[in-house]
Amino acid sequence: MTKKKLFSRHNKQLILSIAIFTGLVVATIFVILYGKGYRFGFQESGIELKGTGLLVAKSVPEGAQVFVDGKLKTATDTTINMPPGEYDLKIVKEGYFPWEKKVVIHAEIVTLVDALLIPIAPKLESITDLGAQNPTIDPTLTKIAFTVSSGSAERNGIYVFDMGSNRILALQGSSTQIIDDSFDEFSKADISWSPDGKDIIATISGTFSDTTYLLDTDRSNQPPNNVSDSLAEIDESWQEIADARERSIRNSLPRKVRDLADGNFNILSISPNQEKILYTASRSATLPPAIEPKLIGVNSTAETRDIVEGEIYIYDVAEDRNYEMEEENFEETVSWLNTSRHIMFVRDNALHFMDFDGLNDTVVYAGPFEHEFIFPWPDSTRIVILTNLGNTNTLPNLYTIILR
Numbered sequence: 011m012t013k014k015k016l017f018s019r020h021n022k023q024l025i026l027s028i029a030i031f032t033g034l035v036v037a038t039i040f041v042i043l044y045g046k047g048y049r050f051g052f053q054e055s056g057i058e059l060k061g062t063g064l065l066v067a068k069s070v071p072e073g074a075q076v077f078v079d080g081k082l083k084t085a086t087d088t089t090i091n092m093p094p095g096e097y098d099l100k101i102v103k104e105g106y107f108p109w110e111k112k113v114v115i116h117a118e119i120v121t122l123v124d125a126l127l128i129p130i131a132p133k134l135e136s137i138t139d140l141g142a143q144n145p146t147i148d149p150t151l152t153k154i155a156f157t158v159s160s161g162s163a164e165r166n167g168i169y170v171f172d173m174g175s176n177r178i179l180a181l182q183g184s185s186t187q188i189i190d191d192s193f194d195e196f197s198k199a200d201i202s203w204s205p206d207g208k209d210i211i212a213t214i215s216g217t218f219s220d221t222t223y224l225l226d227t228d229r230s231n232q233p234p235n236n237v238s239d240s241l242a243e244i245d246e247s248w249q250e251i252a253d254a255r256e257r258s259i260r261n262s263l264p265r266k267v268r269d270l271a272d273g274n275f276n277i278l279s280i281s282p283n284q285e286k287i288l289y290t291a292s293r294s295a296t297l298p299p300a301i302e303p304k305l306i307g308v309n310s311t312a313e314t315r316d317i318v319e320g321e322i323y324i325y326d327v328a329e330d331r332n333y334e335m336e337e338e339n340f341e342e343t344v345s346w347l348n349t350s351r352h353i354m355f356v357r358d359n360a361l362h363f364m365d366f367d368g369l370n371d372t373v374v375y376a377g378p379f380e381h382e383f384i385f386p387w388p389d390s391t392r393i394v395i396l397t398n399l400g401n402t403n404t405l406p407n408l409y410t411i412i413l414r
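Under my numbering, the residues of the sequence shown are numbered 11 to 414, in order.
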């Protein structure tokens, strides 16, 4: 083979290698740009490479329609490439209230929306049928203790309903009686929980003095443990545990957030995941930034950094954003859902859900119920209420509002 032919073959191999390498580089760059949201667009001047953002649209339940500026785009859960800008987003599913929000899309940034859809006609399921008095939820938010006084001495007493246990059968009759009235009038007891939710203090008023019992919530307490003489020590011990837990929660917050809270917040409650703080402003002030530089791709709802003494706000620890609340929403019972993104409250004789930024205020239930007794299910699929369903001739019972 001549030198000329060898040289020609070598050149071909070199050109092929360069072409393959160049193709791999171009493909890699294209994949990287595509992953960052860049897309080719056609303009009058020719083809143009545009940066886009990613909108991740989720909903509970899934399978809801996603409308962007009034146009149906897709269904949840999904990811949409969108040019930077502000959009009106609406998530709709048959049988549920619509969810709406303005979202801002930034180039190369992922924006997440997570809609909790509320059924228009939720179902009710009874938990008790003998009447439930003075229900109290434990600190772990999984158990409800209550007293029953409408039956015989054997059926009256203190019961515990565990929302966290798995059940195959109906809820009614699934409460556990931990003590009856055969030993003392436990159906008339005032009850309080231990910090870990494992024990109950039951205090029964007497003519000359009160009697206090310590009850295990996981079993029948026969005979009950009388702790009247050691109640002060138990109270002190439990208070120390509760105080230590509260300190632990506060200390888990970033230092700048703790400084912010100590100087400006009267904390009403902290969300289950400890990333949201519901508070009353202790003084009028302008909140300094706790995260610098500011994050992008965060919740696009307008925030308020100028707080007014006595007004109510929710502060988002993870994004360093502060949202003003309507005071009338917090005049009665208020509780976080375990999603940590939603608040549950009573207003105008109805039970409402609302996003933590003050949007999507939705009536969940407008029937009769005892306003001070509303408890979220551990996985937020139900709400427990106390109601007689409008029948004044019957004692109120515990019911669940089934959300999904």
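Backbone N, C-alpha and C define an ideal beta-carbon position, used for all residues, glycine too.
If you're wondering where the values come from, they're calculated on a predicted model, not measured in any experiment.
Handout entry: DSSP three-state assignment for Asp-389, whether helix, strand or coil
Key = Numbered from 1 along the sequence shown, position 379 holds the residue referred to as residue 389. Three-state DSSP puts Asp-389 in coil, outside helix and strand.
Exercise for the section: Over the uninterrupted beta strand (DSSP E) stretch that includes Leu-278, give me the two end residues. Expected result: To locate residue 278, count along the sequence shown from 1; it is residue 268. It spans 275-280 - the beta strand (DSSP E) in which Leu-278 sits, taken as one unbroken run.
Handout entry: Assigned exposure category for Ala-254 - 16 Cβ within 10 Å defines buried
Key = On the sequence shown, residue 254 is found 244 positions in, with the first residue counted as 1. Exposed, since its Cβ has fewer than 16 Cβ neighbours within 10 Å.
Practice task
Please work out which residues of its chain come closer than 6 Å, Cβ to Cβ, to Arg-293, disregarding the five sequence neighbours upstream and downstream, and give them in chain order.
Solution key: Looking up residue 293 in the sequence shown gives position 283. Correct list, in chain order: Glu-319.
Practice task
Measure the C-alpha to C-alpha separation of Phe-50 and Ser-262 and round it to an integer number of angstroms.
Solution key: Counting from 1 along the sequence shown, the entry for residue 50 is found at position 40. Counting from 1 along the sequence shown, the entry for residue 262 is found at position 252. With a pLDDT of only 49 at Phe-50, under the threshold of 50, the placement of this residue in the model should not be trusted, and no figure is reported.
Exercise for the section: Return the chain-ordered ranges of every beta strand (DSSP E) run that is complete within the stretch 140-197 and spans a minimum of 3 residues. Expected result: 143-147, 153-158, 167-172, 186-190
Problem - Inter-residue Cα distance where the pair is Asn-332 and Thr-391 - result: Taking the sequence shown and counting its residues from 1, the one referred to as residue 332 is at position 322. Taking the sequence shown and counting its residues from 1, the one referred to as residue 391 is at position 381. One C-alpha to the other measures close to 27 Å.
Practice task
Return the residue from the list Val-374, Ala-117, Leu-361 that minimises the CA-CA distance to Ile-306.
Solution key: Position 296 of the sequence shown, counted from the first residue, corresponds to residue 306. If we check each option's Cα against that of Ile-306, Ala-117 comes out closest.
Exercise for the section: Using the Cα positions of Thr-417 and His-352, report the straight-line distance between them to the nearest angstrom. Expected result: Because the chain is modelled from 11 through 414, residue 417 falls outside the range shown and cannot be assessed.
Handout entry: Coarse secondary structure for Gly-56, derived from DSSP in three states
Key = In the sequence shown, residue 56 corresponds to position 46, counting from 1. With a pLDDT of only 46 at Gly-56, under 50, the local geometry of the prediction cannot be trusted, and the value read off the model is given with reservation. Gly-56: strand per DSSP, three-state reduction.
Handout entry: Cβ shell of Glu-285 (< 8 Å), same chain only, five flanking positions each side left out
Key = Residue 285 sits at position 275 when you count from the first residue of the sequence shown. Asp-326, Val-327, Ala-328, Ser-350.
Problem - Check: Phe-77 C-beta below 8 Å from any heavy atom of the ligand GTP - result: The model on display carries no ligand, and the ligand GTP is accordingly not part of it.
Problem - Range covered by the alpha helix (DSSP H) that runs through Asn-261 - result: Residue 261 sits at position 251 when you count from the first residue of the sequence shown. Note, Asn-261: alpha helix (DSSP H), 241-261.
Exercise for the section: Can you give me the Cβ contacts of Lys-153 inside the same chain, cut-off strictly under 6 Å, excluding the 5 residues immediately before and after it? Expected result: One-based indexing of the sequence shown puts residue 153 at position 143. Hits under 6 Å: Val-170, Asp-172, Gly-207.
Handout entry: Contact under 9 Å by Cβ, Asp-371 with Phe-363
Key = Locating residue 371 in the sequence shown gives position 361, where the first residue counts as 1. Locating residue 363 in the sequence shown gives position 353, where the first residue counts as 1. In this structure, Phe-363 lies closer than 9 Å to Asp-371 by Cβ.
Problem - Secondary structure of Lys-133, DSSP reduced to three states - result: For this step, residue 133 is matched to residue 123 along the sequence shown. Three-state result, Lys-133: strand.
Handout entry: Option nearest Ala-155 by Cα separation, candidates Leu-278, Asn-398, Gly-141, Ser-310
Key = The count along the sequence shown starts at 1 and reaches residue 155 at position 145. Nearest C-alpha to Ala-155: Gly-141.
Practice task
Please go through the same chain and pick out, in chain order, the residues whose beta-carbon is closer than 7 Å to the beta-carbon of Tyr-106, but skip the five residues on each side of it.
Solution key: By 1-based counting over the sequence shown, the position of residue 106 is 96. The residues are Leu-127, Ile-128, Pro-129, Ile-130.
Practice task
Name the residue from Ile-244, Leu-399, Asn-236, Asp-190 whose alpha carbon lies nearest to the alpha carbon of Pro-205.
Solution key: Position 195 of the sequence shown, counted from the first residue, corresponds to residue 205. Of the listed residues, the one whose Cα sits closest to Pro-205 is Ile-244.
Practice task
Would you list the residues sitting across from Ile-317 in a DSSP beta bridge?
Solution key: Within the sequence shown, numbered from 1, the residue matching residue 317 stands at position 307. According to DSSP, which records beta bridges pairwise, Ile-317 is partnered with Ala-295.
Problem - Collapsed DSSP secondary structure at Ser-350 in the structure displayed - result: By one-based count along the sequence shown, residue 350 stands at place 340. Coil at Ser-350, not helix or strand.
Practice task
Check each candidate in Pro-145, Val-123, Leu-64 and name the one with the smallest Cα separation from Asp-365.
Solution key: As a working mapping, residue 365 is identified with position 355 in the sequence shown. Among Pro-145, Val-123, Leu-64, the Cα nearest to that of Asp-365 is on Val-123.
Handout entry: Anticipated Cβ contact below 8 Å, Leu-65 with Ile-115, distance rounded
Key = Here residue 65 is taken as the residue at index 55 of the sequence shown, counted from 1. Here residue 115 is taken as the residue at index 105 of the sequence shown, counted from 1. With a Cβ gap of about 6 Å, Leu-65 and Ile-115 count as contacting.
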